[in-house]
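If you're matching positions, the sequence shown starts at 10 in my numbering and goes up one per residue.
Think of the CB as a built atom: it goes at the ideal place given N, C-alpha and C, for glycine as much as any other residue.
Since the structure is predicted, the reported quantities are computational estimates derived from the model, not experimental observations.
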Amino acid sequence: MQTSTKFAIAAAIAAGLSSHSAMAQQTVTLMAYSGLFQERYTKAVVEPFMKANPGIKIEYFPMPNSAQMLGNLRAQKAAPQADVAIMDVSVSKAATDEKLLVKIDEKTSPNVADLFSAARIADVDGVAVTFDNLVMLYNSDVVKEAPTSWMDLADKKYAGKVAIPGMPDIQGLSLVLILEKARGGYNHIRSVDKGIAAMGEIAPNVQTWEPKPEVYPVIISGQAVIGAGWNARAQVNADSSNGKLKAVLPQEGSVFQINTINHVAGGPGKEATAKFIDYALSPEAQKAFTESMFYAPTNAKALISEAAIARTAVKSMDKVIPVDWIALAKVREPIMDQWRRKVIPLSR
Numbered sequence: 010m011q012t013s014t015k016f017a018i019a020a021a022i023a024a025g026l027s028s029h030s031a032m033a034q035q036t037v038t039l040m041a042y043s044g045l046f047q048e049r050y051t052k053a054v055v056e057p058f059m060k061a062n063p064g065i066k067i068e069y070f071p072m073p074n075s076a077q078m079l080g081n082l083r084a085q086k087a088a089p090q091a092d093v094a095i096m097d098v099s100v101s102k103a104a105t106d107e108k109l110l111v112k113i114d115e116k117t118s119p120n121v122a123d124l125f126s127a128a129r130i131a132d133v134d135g136v137a138v139t140f141d142n143l144v145m146l147y148n149s150d151v152v153k154e155a156p157t158s159w160m161d162l163a164d165k166k167y168a169g170k171v172a173i174p175g176m177p178d179i180q181g182l183s184l185v186l187i188l189e190k191a192r193g194g195y196n197h198i199r200s201v202d203k204g205i206a207a208m209g210e211i212a213p214n215v216q217t218w219e220p221k222p223e224v225y226p227v228i229i230s231g232q233a234v235i236g237a238g239w240n241a242r243a244q245v246n247a248d249s250s251n252g253k254l255k256a257v258l259p260q261e262g263s264v265f266q267i268n269t270i271n272h273v274a275g276g277p278g279k280e281a282t283a284k285f286i287d288y289a290l291s292p293e294a295q296k297a298f299t300e301s302m303f304y305a306p307t308n309a310k311a312l313i314s315e316a317a318i319a320r321t322a323v324k325s326m327d328k329v330i331p332v333d334w335i336a337l338a339k340v341r342e343p344i345m346d347q348w349r350r351k352v353i354p355l356s357r
């Protein structure tokens, strides 16, 4: 065989191997929250998955909130660029209704069988990947005695020193629901009049309903000294501030916020997408992320360390008020109207 022919064959084989390698490499685009969530989720879940699956690359596409994620999915419906989206359950419901998602169940993800019942939401194609809950935040340098009630936010000594992410943020809505229950309300789908009235008592003390960049640094810096926020981020900020920021679960209780993981319909990642979703729901991934950022796990078989689980609401489930976020979405605009008319005008 002539030398030139040998080189031609070798080149063809090399090209074939290169082509096969390129075909074997798959990319999954994950659209999820930016900032601290991206940092911790990448280290706890994304990187271990890629190490275990060298033929799959996860590209993290960060976005600030669920509403913007939904906007992206709508804009790309004809040619989706994302494969997986982690977003709030109410937004997942909207995406389900618009047929933007693929149903996740035991057939597509075996780990679904081990999820808590609350992680599987009727009429939603995604499933819960994290639970979080609202907590009271305070600056321990200024507030020497830990508050015990959400209505401590109305104490005159905190005039102009309260920071709460108000509606339309779900944190403001969550606080309305908690106070509705505390004041004797029994059906927040029918009425939140009592919760709105309680927020009206707190409103004169509120310095800002839009803490920027978010509520945690505002309280750590002393710009405000008390407020409300999500437990997971509060726990991480408590550590990074050396305990200057503290979080407590008041006597009236809290509500769970549910983040779902969703399989985007028509995404380019194909079978690799299902593999990543199943890993994200596995006991291993759930344990790693809970111990990294203190979201409560959704997989019942995740063996979380005692130290980490104590910093979630798992051991205070009797204080967690059940909320049907899907049904609530239908009355969210009337609640927002009450907020505009009866809460905001009472602010400083």
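Proximal residues to residue i (C-beta, below 6 angstroms), its chain only, five neighbours per side dropped
i: Ala137; result: Ala128, Ile267, Thr269, Thr307
i: Lys66; result: Thr36
i: Arg341; result: none
i: Asp211; result: It should be noted that the sequence gives Ile, not Asp, for residue 211. Only Leu162, Ala163 meet the Cβ criterion.
i: Val352; result: Met208, Gly209, Ala212
i: Ala309; result: Asp123, Phe125
i: Leu39; result: Ile67, Tyr69, Val93
i: Pro89; result: Val273, Gly275, Gly276
i: Ile335; result: Lys102
i: Pro71; result: Ser43, Gln47
i: Ile344; result: Val201
i: Ala31; result: Note that Ala31 scores 44 on pLDDT, short of 50, meaning its location in the model is unreliable and no value can be drawn from it.
i: Gly175; result: Gly181, Trp218
i: Asn271; result: Ala94, Ser101, Leu110, Gly135
i: Thr321; result: Phe303, Ala305
i: Ile281; result: Going by the sequence as given, residue 281 is Ala instead of Ile. Gln35, Val37, Ile65, listed in sequence order.
i: Pro292; result: Asn308, Lys310, Ala311
Alpha helix (DSSP H) segment containing residue i, residue limits
i: Met208; result: 202 to 211
i: Val98; result: 98 to 106
i: Val215; result: From DSSP, Val215 is part of no alpha helix (DSSP H) but of the beta strand (DSSP E) over 215 to 217.
i: Ala191; result: 179 to 191
Beta-ladder partner(s) of residue i, from DSSP
i: Gln266; result: Asp141
i: Gln35; result: Ile65
i: Pro71; result: Ala41
i: Leu109; result: For Leu109, which the question treats as bridged, DSSP gives no partner whatsoever.
i: His272; result: Val93, Val111
i: Leu146; result: Gly236, Ala256
i: Leu124; result: Asn308
i: Ala171; result: The displayed chain sequence assigns Val, not Ala, to residue 171. Paired residues: Val215, Ile235.
i: Val136; result: Ile270
Limits of the beta strand (DSSP E) - the one that residue i falls within
i: Asp248; result: Asp248 -> not in any beta strand (DSSP E); alpha helix (DSSP H) instead, spanning 240 to 249.
i: Gln232; result: Where Gln232 is concerned, there is no enclosing beta strand (DSSP E), given that its DSSP letter is neither H nor E.
i: Val257; result: 254 to 257
CB of residue i within 7 angstroms of CB of residue j, strictly
i: Gly135; j: Ser101; result: yes
i: Ala243; j: Gln216; result: no
i: Ile235; j: Lys253; result: no
i: Leu143; j: Ser183; result: yes
i: Gln295; j: Ala311; result: yes
i: Ile95; j: Ala131; result: no
i: Val264; j: Ile179; result: no
i: Phe303; j: Ala241; result: yes
i: Ser325; j: Pro259; result: no
i: Ala155; j: Val224; result: no
i: Gly231; j: Asn120; result: no
i: Pro73; j: Ser99; result: no
i: Ser75; j: Asp97; result: yes
i: Lys203; j: Glu189; result: yes
i: Arg49; j: Ser314; result: no
i: Ile318; j: Glu261; result: no
i: Asp82; j: Ala104; result: A small correction: the amino acid at residue 82 is Leu; Asp does not occupy that position in the sequence shown. Yes; because the gap between Cβ atoms is below 7 angstroms, this pair is in contact.
i: Leu337; j: Ser118; result: no
i: Ala91; j: Ile173; result: no
Beta-carbon contacts of residue i that lie in its chain and below 8 angstroms, excluding the five residues immediately before and after
i: Asn214; result: Leu162, Ala163, Asp164, Lys165, Tyr167, Ala168, Gly169, Lys170, Val171, Arg357
i: Lys284; result: Asn62, Ile65
i: Arg192; result: Lys203, Gly204, Ala206, Ala207
i: Asp346; result: none
i: Asp150; result: Gly231, Lys253
i: Val227; result: Ala172, Thr217, Pro220, Lys221, Ala233, Gly236
i: Ala24; result: Any reading at Ala24 is ruled out, since the residue's pLDDT is 47, under 50, leaving its predicted position unreliable.
i: Lys108; result: Ala274
Heavy atom of the ligand SAM within 6 angstroms of residue i beta-carbon
i: Gln216; result: In terms of ligand content, the structure shown is empty, and the ligand SAM therefore cannot be addressed.
Residues near residue i by beta carbon distance below 7 angstroms, same chain, minus five either side
i: Phe140; result: Phe265, Ile267, Tyr304, Ala305, Thr307
i: Ala51; result: Just to set this straight, residue 51 is Thr in the shown sequence, not Ala. Tyr69.
i: Met59; result: Ile65, Lys66, Ile67
Checklist entry - Enumerated in chain order, which unbroken segments of the beta strand (DSSP E) with a length of 3 residues or greater are wholly contained in the segment 284 to 346? => result none
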